[in-house]
Structure formats: structure tokens, C-alpha cells
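**Q** In the working numbering, the protein residues as written are 5 to 75. Glycine is no exception: its CB is placed at the ideal position from the N, C-alpha and C atoms. All values reported here derive from a predicted model rather than from experimental measurement. To start, I am sharing the structure in question, which I have written as C-alpha cells.
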């Protein structure tokens, strides 16, 4: 793991799925909502692209040394 986690705000997310198309670190549940977690070092760049592309700003990356919440 890279020490970073991909996080999602389930209230803000509309289940569009753009994040899953941009990053292998994102899976989708049966309703199209993201399933996220820890990032491998080779997944961080794509996860950052997914964060930037989220139309609802429902994704963010939490670094290991960052307190809980949006960094």
C-alpha cells in the first residue's frame, strides 16, 4: 500500500461511474456506486485523475499522515 486511501462521500455521489472508468482502484456496487479503499503505489496517479474528474466532487485521497476528513 502507498499509505493513501481513496474515499467517497456517499451522499454527494450520484453513481455516475466516471471514477471506475479512470482508476482500477475503484469498483462499483450493483447500483453503480463506488467501492474504494487503500491505494497501491501504481494506482495513485489514476486515482488522482478520478478525483479531478468526479462531477460531484464526491471523491478525495486521504494520505496516511493526514487527519481524517478531506485533505
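#1: Taking 8 Å as the cut-off, decide whether the C-beta atoms of residue 60 and residue 16 are in contact.
#2: When DSSP builds the beta bridges, which residues end up paired with residue 64?
#3: Just checking my contact of residue 51 with residue 24 at CB under 8 Å: how many whole Å lie between their CB atoms?
#4: Does the beta-carbon of residue 62 have 16 or more other beta-carbons within 10 angstroms, so that it is buried, or is it exposed?
#5: Is DSSP giving residue 44 helix, strand or coil here?
#6: Check whether the Cβ of residue 41 lies closer than 8 Å to any Cβ atom in chain B.
#7: Measure the C-alpha to C-alpha separation of residue 44 and residue 18 and round it to an integer number of angstroms.
**A** On the basis of the data shown:
#1: On the chain shown, position 56 is the one that residue 60 refers to. On the chain shown, position 12 is the one that residue 16 refers to. A contact, by the Cβ cut-off of 8 Å.
#2: Translated into the one-based positions of the chain shown, residue 64 becomes position 60. According to DSSP, which records beta bridges pairwise, residue 64 is partnered with 11.
#3: Position 47 of the chain shown, counted from the first residue, corresponds to residue 51. Position 20 of the chain shown, counted from the first residue, corresponds to residue 24. Residue 51 to residue 24, Cβ: 11 Å. No contact.
#4: Working through the chain shown from its first residue, we reach residue 62 at position 58. By the neighbour-count rule (16 or more Cβ atoms within 10 Å), residue 62 is buried.
#5: Reading the chain shown from its first residue, position 40 is the one you call residue 44. In this structure, residue 44 counts as coil in the three-state DSSP scheme.
#6: No chain B is present in this structure, which holds just one protein chain.
#7: Counting from 1 along the chain shown, the entry for residue 44 is found at position 40. Counting from 1 along the chain shown, the entry for residue 18 is found at position 14. When rounded, the distance between both Cα atoms is 26 Å.
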